[in-house]
Amino acid sequence: MLVLDQFINRKLIMKLNIEESDLGKKYVNKLHKYGEGILYWISLIVIIIAVNEFPHLRILIFVGMTAVFAFRTIMKWIYARESKTYLLSAITCVLFILGSVIYGVTDYSNLI
5 MLVLDQFINR KLIMKLNIEE SDLGKKYVNK LHKYGEGILY WISLIVIIIA VNEFPHLRIL
65 IFVGMTAVFA FRTIMKWIYA RESKTYLLSA ITCVLFILGS VIYGVTDYSN LI
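So in the numbering used here, spot 26 of the sequence shown is number 30, and the numbers just go up one at a time.
Here it is, written out as structure tokens:
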């Protein structure tokens, strides 16, 4: 999933002419910074609890990271639409959604 994300993002950067200076701007404002930080830490805590205590809820690993990247996509789309970096976050969000679907299907089918 990580390799596919990097490959798609590199292609989009070249195709859409996204400048490196636009990529360096991680947060568009304080709401984005603190909101993403809160979501990240909540996701990290949920991941630790899901892995250690509730193995049947491991799909929450994907859901938490999907929420982080969805929030990042929305904030960049609202406040920094002209830079087009929201597309890179959107691709990562979609890949986490696909990862959760694949994990859910394989876990449900007892393939893992």
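For each residue, glycine too, the CB sits at the ideal point set by N, CA and C.
Span separating the alpha-carbon of residue i from that of residue j
{"i": "Met-79", "j": "Phe-58", "result": "32 Å"}
{"i": "Lys-19", "j": "Ser-87", "result": "13 Å"}
{"i": "Ala-54", "j": "Gly-68", "result": "11 Å"}
{"i": "Ser-113", "j": "Lys-34", "result": "43 Å"}
{"i": "Lys-15", "j": "Trp-45", "result": "30 Å"}
{"i": "Phe-73", "j": "Glu-40", "result": "9 Å"}
{"i": "His-36", "j": "Leu-48", "result": "18 Å"}
{"i": "Leu-6", "j": "Asn-56", "result": "23 Å"}
{"i": "Ile-51", "j": "Cys-97", "result": "17 Å"}
As assigned by DSSP and simplified to three states, the class of residue i
{"i": "Ile-22", "result": "coil"}
{"i": "Asn-13", "result": "helix"}
{"i": "Ser-93", "result": "helix"}
{"i": "Ser-113", "result": "coil"}
Rounded Cβ spacing between residue i and residue j (contact assumed at less than 8 Å)
{"i": "Tyr-90", "j": "Thr-77", "result": "5 Å"}
{"i": "Val-32", "j": "Tyr-107", "result": "Actually they are not in contact, since the Cβ atoms of Val-32 and Tyr-107 sit about 31 Å apart, beyond 8 Å."}
{"i": "Ser-104", "j": "Phe-66", "result": "3 Å"}
Cβ-Cβ distance between residue i and residue j below 8 Å
{"i": "Ile-95", "j": "Ile-12", "result": "yes"}
{"i": "Leu-8", "j": "Leu-64", "result": "no"}
Note to self: At 4 residues or longer, what runs of the alpha helix (DSSP H) sit wholly inside the region 32-90?
What the structure shows: For the region 32-90, whole alpha helix (DSSP H) runs of length 4 or above, ordered along the chain, are 34-56 and 64-83.
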